[in-house]
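Residue numbers (our numbering): 103 to 773. C-beta atoms are modelled at their ideal positions from N, C-alpha and C, and glycine is treated no differently.
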């Protein structure tokens, strides 16, 4: 094996740097996620040039660089980012699936020109907009440009995020025009169309609201860092690392899927991209070692969905959450670590118990990369992440940290010929960054329109009051309503859009009834991810089933079973904020310790196997599952009952097993 490269990891080479569309066609799941047209020639160089300028502008703004004593203002900066990245949506994504992918039609070129020209004009007029109060009453040129910058992002959102999010943005952005004619709690103050154009286009509450503020201040840097990791081969390093560390153990292929998806999720924050990249390697490996196709697909779907929970990207939600709550980004990261680790631990234990129950082995060591060689070749990825952590948690400069980490990554990659930056790799990095940033702008600007309408009409407060009234002030009922609302929103919108809407409407309700603010916001984020593995949408399960060659519904059903902790964890950290490290350190340690034991017991109950006990009879499985859930409950009696029940049953079952079968038949576990 040359250079510590495994045949499995080798399949990933080249996929991480390609477009999503190219991967779709290769894997036969284009219908699920393909949306990009191949960008060549002039459009490709426009992508590279606009991205280069956009990253440069962000660096200048964040580091407060000046040119001739001039500095970009925040108000103008946001318009400039829109001008640089929004046109790419019309150049890269066809209007319809039936549109010829190889040629950009004239109307897309026109839309791209408008998407650049209008916000760039507003960037040049930024001071006039502020000084002359365009947000209250815009002149005629303001009304024309304001209407364009209102509607163009909605069309970009339709292409980048789908029809549901575009319809939500369109209807909600026009809501203030007819709010006075709505019934009941939906009624609100009516605004004229001219006043609404001025508000959406030029105030700091709509297009220029929290989503774009978070994007310009912090999201850009972290997405650029993630793209740099991918462009330099970080995805393959993480997969090699997982293979070298876990590939040889019992059920190793499934454990590699769990670990690699968690690591790769730190780069992408997108479940479908995760499935396509890591799943194209891990799913065939799982099938080879004996996992049924539906189970292999379900493991990958759950692991890839959990990748959204992993800092630093977290589907960009963490950055917006920090702005909503007025908290440092590092606080959000710290709070997200324990729930995500618990979720992946549950997947790991279930994969291990299934492998033990069915007698599955790991991958042959001869087919796996060397851990030493992998670390030797990829040390600079760890170094770059260490630089990021250092600037985040020790220097505490969250806005500039990703830029320092990106610089450290490129500098360290010079030490290896295979990863040394050259023109080809630089262009690929810029293409990847531009695509990611384009999608973010296309989604976040329309989300800002929705938030602006909710804020100016007071509808967010009305909805919150109505929810409290429906629930009768009951926290359990409110949590169930929130979970259902998040799931429904998640079916038709991206996790970012789903979170932002519910953070404004539902999170305040939970906070009003005494829920920890950070727990309330994380709750709606987690519940919004349920649709990735839950029918009827279950997009991650669908793509994983396609890769595995398994029935969709069987794969989705298994994914729901494996991902049961994704359904339960949000309720647990609302009831016990110690799960997100809110509270005393001692209490947090106790809650987390009992939760880990609960995960082991619940996983054993779900899979019907436990270390030293072997296969479990149905009644013992039910008791183990019940005991595991009790251990999660944030009350001391739950812990006592859970531990007591589990110990009594385990001891009794072990005695019976020892008397009825030879010890060799029970066997020990090898994690």
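Exercise for the section: Run the CB neighbour count on residue 772, radius 10 Å, all protein chains shown included, and call it buried at 16 or more, exposed below. Expected result: Per-residue confidence for residue 772 stands at a pLDDT of 47, beneath the threshold of 50, marking its modelled position as unreliable; the derived number appears in the next sentence. Residue 772 is exposed by the Cβ-count criterion.
Practice task
Answer yes or no: do residue 334 and residue 446 have a C-beta to C-beta separation smaller than 9 angstroms?
Solution key: No, the Cβ-Cβ distance between residue 334 and residue 446 is not below 9 angstroms.
Practice task
Note down the Cα distance separating residue 707 from residue 327, rounded to an integer number of angstroms.
Solution key: Straight-line Cα distance between these residues: approximately 41 angstroms.
Handout entry: With 16 other Cβ atoms within 10 Å as the buried cut-off, status of residue 488
Key = Flag for residue 488 reads exposed.
Exercise for the section: Report buried or exposed for residue 383, applying the criterion of at least 16 other Cβ atoms within 10 angstroms of its Cβ. Expected result: Buried is the label assigned to residue 383, since at least 16 other Cβ atoms lie within 10 Å of its Cβ.
Problem - Buried or exposed (CB count within 10 angstroms, at least 16 for buried), residue 815 - result: Summary: the structure shown does not reach residue 815, with the chain confined to residues 103 through 773, and so no result is reported for it.
Exercise for the section: Go to residue 350, then tell me how far its alpha helix (DSSP H) extends in each direction, as first and last residue. Expected result: Counting along the chain, residue 350 falls outside any alpha helix (DSSP H), and DSSP gives it neither H nor E.
Handout entry: When 238, 230, 235, 214 are compared against residue 253, the one with the closest alpha-carbon
Key = The shortest Cα separation from residue 253 among 238, 230, 235, 214 belongs to 214.
Problem - Whether residue 502 touches residue 323 by CB criterion (9 angstroms) - result: Yes.
Problem - Top-ranked residue by Cα proximity to residue 456, from 709, 731, 716, 714 - result: For residue 456, the nearest C-alpha among the options comes from 709.
Handout entry: 8 angstroms contact criterion, which residue 399 and residue 650 should meet: CB distance rounded
Key = About 4 angstroms separates the Cβ atoms of residue 399 and residue 650, confirming a contact at the 8 angstroms cut-off.
Problem - Same chain, Cβ closer than 7 angstroms to residue 557, five either side skipped, listed in chain order - result: Annotation for residue 557: 307 place their beta carbon closer than 7 angstroms to its own, counting only its chain and skipping 5 residues before and after.
Practice task
Give the straight-line distance between the Cα atoms of residue 364 and residue 406, rounded to the nearest whole angstrom.
Solution key: If you take the alpha carbons of residue 364 and residue 406, they lie about 7 angstroms apart.
Handout entry: From 611, 555, 604, 548, residue whose alpha carbon lies closest to that of residue 578
Key = Residue 611 holds the alpha-carbon nearest to the alpha-carbon of residue 578 among 611, 555, 604, 548.
Problem - Proximity of residue 635 and residue 598 at Cβ, strictly below 9 angstroms - result: For residue 635 and residue 598, no; Cβs fall outside 9 angstroms.
Practice task
Give the secondary structure of residue 138 by DSSP, where H, G and I count as helix, E and B as strand, and everything else as coil.
Solution key: Coil.
Exercise for the section: Run the CB neighbour count on residue 474, radius 10 Å, all protein chains shown included, and call it buried at 16 or more, exposed below. Expected result: Answer is exposed; the Cβ neighbour count stays below 16.
Practice task
Can you have a look at residue 419 and say buried or exposed, based on whether 16 or more other CB atoms are within 10 angstroms of its CB?
Solution key: That one is buried.
Handout entry: Range covered by the alpha helix (DSSP H) that runs through residue 299
Key = Counting along the chain, the alpha helix (DSSP H) containing residue 299 begins and ends at 295–304.
Practice task
Please name the residue, chosen from 310, 299, 239, that lies closest to residue 175 on a Cα-to-Cα basis.
Solution key: Relative to the Cα of residue 175, the nearest Cα in the group 310, 299, 239 belongs to 310.
Problem - Euclidean distance between Cα positions of residue 280 and residue 678 - result: When rounded, the distance between both Cα atoms is 42 angstroms.
Exercise for the section: Find out if the Cβ-Cβ distance for the pair residue 161, residue 186 is shorter than 9 angstroms. Expected result: Not in contact: residue 161 and residue 186 (Cβ atoms no closer than 9 angstroms).
Problem - Contacts around residue 564, its chain only, beta-carbon distance under 6 angstroms, and the 5 residues preceding and following it disregarded - result: So the list reads 287, once near-sequence residues are dropped.
Handout entry: Neighbour-count burial assignment, residue 106, 16 or more Cβ in a 10 Å radius
Key = Residue placement at residue 106 is flagged as unreliable, the pLDDT there being 46, under the threshold of 50; a coordinate-derived value is accordingly withheld.
Exercise for the section: Report the residue ranges of all alpha helix (DSSP H) runs contained in full by the stretch 410–495; include only those spanning at least 4 residues, in chain order. Expected result: Whole alpha helix (DSSP H) segments, 4+ residues: 419–427, 431–460, 473–491.
Exercise for the section: Count the other C-beta atoms from every protein chain shown that fall within 10 angstroms of the C-beta of residue 572, then say buried if there are 16 or more, exposed otherwise. Expected result: By the C-beta density criterion, residue 572 is exposed, having fewer than 16 other C-beta atoms within 10 angstroms.
Handout entry: residue 404 vs residue 665 beta-carbon contact at 9 angstroms
Key = Yes, these two residues count as a Cβ contact at 9 angstroms.
Exercise for the section: Report all residues from its chain with a CB closer than 6 angstroms to the CB of residue 128; omit the five preceding and five following residues, and keep chain order. Expected result: Confidence in residue 128 is poor, its pLDDT being 34 and thus under 50, which makes the residue's placement unreliable; the coordinate value appears in the next sentence. Annotation for residue 128: no residue places its beta carbon closer than 6 angstroms to its own, counting only its chain and skipping 5 residues before and after.
Practice task
Return helix, strand or coil for residue 717, following the three-state DSSP convention.
Solution key: Residue 717: strand per DSSP, three-state reduction.
Exercise for the section: Count the other C-beta atoms from every protein chain shown that fall within 10 angstroms of the C-beta of residue 798, then say buried if there are 16 or more, exposed otherwise. Expected result: Residue coverage of the chain in this structure runs from 103 to 773, which leaves residue 798 outside it and unanswerable.
Handout entry: residue 124 versus residue 292 - alpha carbon distance
Key = In this prediction, residue 124 has a pLDDT of 35, which is less than 50 and means its spatial position is unreliable; what the coordinates show is noted afterwards. Computed Cα separation, rounded: 47 angstroms.
Practice task
Write down the C-beta distance between residue 190 and residue 536 rounded to the nearest angstrom, noting that I regard them as a contact closer than 8 angstroms.
Solution key: About 6 angstroms separates the beta carbons of residue 190 and residue 536, which is inside the 8 angstroms limit, making them a contact pair.
Handout entry: Cβ neighbours of residue 373 in the same chain (closer than 7 angstroms, five flanking residues each side left out)
Key = Taken in chain order, the residues that qualify are 406, 407, 409, 410, 634, 642.
Exercise for the section: From the DSSP output, read off the bridge partner residues of residue 712. Expected result: DSSP output for residue 712 lists 716 as bridge partner(s).
Practice task
Evaluate residue 300 with the Cβ neighbour count: other Cβ atoms within 10 Å of its Cβ, from every protein chain shown; 16 or more gives buried, anything less gives exposed.
Solution key: Flag for residue 300 reads buried.
Problem - Three-pair Cβ contact test at 8 angstroms for the stretch 348–362 versus the stretch 448–465 - result: With the cut-off at 8 angstroms, the stretch 348–362 and the stretch 448–465 touch.
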